[in-house]
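So the sequence shown is numbered by my numbering: it starts at 61 and just counts up by one.
Quick reminder that beta carbons are idealized off the backbone N, C-alpha and C, glycines included.
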Amino acid sequence: MGEDKHLAALKESIVNLDFAAVAKAAEEAMKSGIDANRAINDGMVPGMAIVGDKFEKGDYFLSELVVAAEVMREGIKVVTPYIKGEGARKIGKVVIATVEGDHHDLGKNIATSLLQVQGFEVIDLGVDVSTENIISAIKEHQPSIVGMSALLTLTMPRMGEVIEALKAINLRDKVKVIIGGTPITDEFAASIGADHKAVNALEGVKKCVEWVGAQERRN
Ligand code: B12
Numbered sequence: 061m062g063e064d065k066h067l068a069a070l071k072e073s074i075v076n077l078d079f080a081a082v083a084k085a086a087e088e089a090m091k092s093g094i095d096a097n098r099a100i101n102d103g104m105v106p107g108m109a110i111v112g113d114k115f116e117k118g119d120y121f122l123s124e125l126v127v128a129a130e131v132m133r134e135g136i137k138v139v140t141p142y143i144k145g146e147g148a149r150k151i152g153k154v155v156i157a158t159v160e161g162d163h164h165d166l167g168k169n170i171a172t173s174l175l176q177v178q179g180f181e182v183i184d185l186g187v188d189v190s191t192e193n194i195i196s197a198i199k200e201h202q203p204s205i206v207g208m209s210a211l212l213t214l215t216m217p218r219m220g221e222v223i224e225a226l227k228a229i230n231l232r233d234k235v236k237v238i239i240g241g242t243p244i245t246d247e248f249a250a251s252i253g254a255d256h257k258a259v260n261a262l263e264g265v266k267k268c269v270e271w272v273g274a275q276e277r278r279n
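Shown next, in the form of structure tokens:
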């Protein structure tokens, strides 16, 4: 089977809400040597995008979104051990959260796994996390990077609130802020003063590695 066929099988298994098929497609993709990040970004994520379109058109209901998310989680579980990284060396600390009012966590969880594989210590605060709780975690853990995820246009402004709260307590210049999620644009990131908008989890994590590398060179 060619690479495209493996990616198509991953995509279809998510669209078809098929647990057995996603596990099989993920295992076969890994056996054939497909990069785990590619399996996620070019196989499973496009499948989720189709599920989203179906939901918008009324072909799928909320219950189907819930199942699709579980199917994708299953696929990610199979490919995660294949993600190549730095191993044991700890290179930095990241506090990560999905902002208040938002329960979408697949993207945040992928970013978390990739960060850990790259050697970051990740404090994952979970979903629906208030600005107050994000700020107190930053005060407690003193990370060099804060990652936030939002999938709803309604919850995106919470990211700006966190940045404003950081400024108010003079911590803004102590942390880099990276944000992600489908509705987030570069313009939005610039408008709230975030340091970076992740194109996808892999690109975002590369930016984090770059940041800590630059910091190490300065120290
Ligand atoms: C799965 C899903 C759900 C699941 C979520 C399950 C879960 N555990 O996450 C459930 C069923 C719970 C759900 C609920 C709802 N959903 Co929903 N959902 C989706 C769907 C289909 C896929 C989202 C997803 O997981 N994508 C895959 C992941 C991997 O992509 P991602 O999050 O963007 O992450 C990637 C990057 O953005 C990046 N990234 C993301 N975050 C971060 C953070 C950092 C730090 C970094 C570095 C990178 C990074 O990395 C990832 C991989 O590359 C989308 C449709 C879509 N096209 O996005 C709708 C969608 C987001 N949902 C939508 C809606 C409306 C809802 C509900 C309001 C529905 C309802 N009527 O109740 C509720 C809201 C619940 C809430 N309060 O949050 C709308 C949002 C519309 C809008 N513009 O606001 C969408 C767009 C569907 C649609 N087309 O209408 N949903």
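- For Leu166, the CB falls within less than 6 Å of some heavy atom of ligand 1.
- Within the model, the alpha-carbon separation for Cys268 versus Val182 is close to 12 Å.
- Using a cutoff of 6 Å, the CB of Ala261 counts as near ligand 1, since one of the ligand's heavy atoms is closer than that.
- Contact check between the stretch 156–165 and the stretch 105–118: fewer than three CB pairs, one atom from each, fall below 8 Å, which does not count as touching.
- At a cut-off of 6 Å, the beta-carbon of Ser209 counts as near ligand 1: some heavy atom of the ligand is closer than that.
- Per DSSP, the beta-bridge partners of Glu181 are Lys153.
- Sixteen is the threshold: since fewer than 16 other Cβ atoms of the shown chains lie within 10 Å of the Cβ of Gly93, the residue is exposed.
- Within its own chain, the residues whose Cβ lies closer than 6 Å to the Cβ of Thr213, once the five positions on either side in sequence are excluded, are Pro243, listed in chain order.
- Secondary structure note for Gly107: its alpha helix (DSSP H) is the uninterrupted segment 105–117.
- If you check the CB distance, Gly179 and Ile151 come in under 7 Å.
- The alpha carbon of Lys168 has as its nearest neighbour, out of Asp64, Ala86, Gly241, the alpha carbon of Gly241.
- In this structure, DSSP gives Gly220 a helical state, which the three-state scheme calls helix.
- The alpha carbon of Ala171 has as its nearest neighbour, out of Ala210, Ile198, Gln202, Glu192, the alpha carbon of Ala210.
- When DSSP states are grouped into helix, strand and coil, Val265 belongs to the helix group.
- Within the chosen limit of 6 Å, ligand 1 reaches the beta carbon of Pro243 through at least one heavy atom.
- Out of Val75, Asp119, Asp255, Glu87, the CA that lies nearest to the CA of Met219 is found in Asp255.
- With contacts defined by Cβ atoms closer than 7 Å, Ala99 and Ala83 do not form a contacting pair.
- Within the same chain, and ignoring the five residues on either side of Glu63 in sequence, the residues whose Cβ sits closer than 7 Å to its Cβ are Ile94.
- Spanning the alpha carbons of Gly264 and Ile238 requires a straight line of approximately 7 Å.
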